[in-house]
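**Q** Numbering (my numbering), first residue to last: 1231 to 1564. No residue lacks a Cβ here, since even glycine has one placed at the ideal position from N, Cα and C. This one's a predicted model, so the numbers in the text were calculated from it and none came from an experiment.
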């Protein structure tokens, strides 16, 4: 496949070039799984580490090459020390990483400077990265959240109906099917379960802390329905970007002191602002409100969450919770 050929062939992509686009298209068009389809999945980026701020997106990003070292292989070829060895050889020297993003299936270069840095962790390493050898090939498995109930463990974790997708655990367990999710939930009963969540509203990946419980008044251990399969994949326009990693505690709200982990938030008013990367996709006009035009992203407590087509500073996005009678659905074009 194109990714394997690029890595084994020793080439590296130039960001934004036709060659990168061609390689991504060829990768997407591949029918048979390549023999070597494992690489280093990014599972964590420590705050203020050498890898913070370089644009790595946990869960979606795979490191396939570090310097001149090819990191793609089969599971039987896994060399746990290879990446660490390359990093050690580049202490206080720039290290170019070739990164494959499984969300929009593109390759790009990222440069980090491995170095000793101050951290609360006793074994922070030279990069601040947490990686795991995982399969980059095949469909992107996600679990869509539906009907998050008020007062439920899912709601307490800031999860949103329709627009939030569970990806996997912080430890690297992918939710490839419902059994994988159910197993993790049962093992974490009444204990925090840290999971990666993708928001199609803000195009962000974040870590949420779920505490499955049977003691809350509603049904289920999470208090939500889930959707898996072709009807619940990421929206087509969400695949136009690589996504954006949001550290927790950076939500901005209007008319509310609530700063939960949710990318929508639970503002006491009807308007909410949340960080959004400048590379995020444009807003589609699906509804007209008294606050302007916007794109519908889901429903909460009888109100539609509509992303307004506002041009805001600091890369923020405005979400309007429109009650019946305050919005008009627009006819679909094309």
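Report the start-end ranges of each alpha helix (DSSP H) in the region 1270-1306 that is 4 residues or longer and not cut off at the edges.
**A** Entirely contained in the region 1270-1306, not one alpha helix (DSSP H) run reaches 4 residues.
**Q** Starting from residue 1537, follow the beta strand (DSSP E) in both directions and report where the run begins and ends.
**A** Within the chain shown, numbered from 1, the residue matching residue 1537 stands at position 307. Residue 1537 -> beta strand (DSSP E) spans 1533-1538.
**Q** Evaluate the contact criterion for the region 1447-1456 versus the region 1368-1383: three or more CB pairs, one atom per stretch, below 8 Å.
**A** Counting Cβ pairs under 8 Å, three or more are found: they touch.
**Q** Is the distance from the Cβ of residue 1431 to the Cβ of residue 1438 below 8 Å?
**A** As a position in the chain shown, residue 1431 is number 201, starting the count at 1. As a position in the chain shown, residue 1438 is number 208, starting the count at 1. In this structure, residue 1438 does not lie closer than 8 Å to residue 1431 by Cβ.
**Q** Closer than 8 Å by C-beta to residue 1411: which residues in its own chain qualify, once you throw out the five before and the five after it? Chain order, please.
**A** For this step, residue 1411 is matched to residue 181 along the chain shown. Closer than 8 Å at the Cβ level, and outside the excluded window around residue 1411, lie 1373, 1396, 1405, 1456.
**Q** Can we say the region 1284-1299 touches the region 1314-1330, given the rule of at least three CB pairs closer than 8 Å?
**A** Yes, the region 1284-1299 touches the region 1314-1330.
**Q** What's the call for residue 1316, buried or exposed, on a 16-neighbour Cβ count within 10 Å?
**A** Here the question's residue 1316 lines up with position 86 in the chain shown. The residue is buried, with at least 16 neighbouring Cβ atoms inside 10 Å.
**Q** Counting only runs that start and end within the region 1329-1375, where is the beta strand (DSSP E) found for 3 or more residues in a row?
**A** For the region 1329-1375, whole beta strand (DSSP E) runs of length 3 or above, ordered along the chain, are 1336-1342, 1359-1365.
**Q** Assuming residue 1534 contacts residue 1557 under a Cβ cut-off of 8 Å, what Cβ separation, rounded to an integer in Å, is found between them?
**A** As a working mapping, residue 1534 is identified with position 304 in the chain shown. As a working mapping, residue 1557 is identified with position 327 in the chain shown. Correct: roughly 6 Å between the Cβ atoms.
**Q** When the Cα atoms are used, what is the spatial distance from residue 1519 to residue 1528?
**A** Taking the chain shown and counting its residues from 1, one reaches residue 1519 at position 289. Taking the chain shown and counting its residues from 1, one reaches residue 1528 at position 298. Approximately 15 Å between the Cα atoms of the pair.
**Q** Terminal residues of the continuous beta strand (DSSP E) containing residue 1559?
**A** Start at 1 with the first residue of the chain shown, and residue 1559 comes out as number 329. 1557-1559 is the span of the beta strand (DSSP E), which, as asked, contains residue 1559.
**Q** Going by DSSP in three states, residue 1312 sits in which element: helix, strand or coil?
**A** Taking the first residue of the chain shown as 1, we reach residue 1312 at position 82. In this structure, residue 1312 counts as helix in the three-state DSSP scheme.
**Q** According to DSSP, what are the bridge partners of residue 1518?
**A** Within the chain shown, numbered from 1, the residue matching residue 1518 stands at position 288. DSSP, once it has assigned bridges, lists 1523, 1558 as partnering residue 1518.
**Q** Only counting the same chain, and skipping five residues up and downstream in sequence, which positions put a Cβ closer than 8 Å to that of residue 1391?
**A** The residue labelled residue 1391 in the question sits at position 161 within the chain shown. Excluding positions up to five away in sequence, the list reads 1375, 1376, 1377, 1378, 1454, 1528, 1529, 1530.
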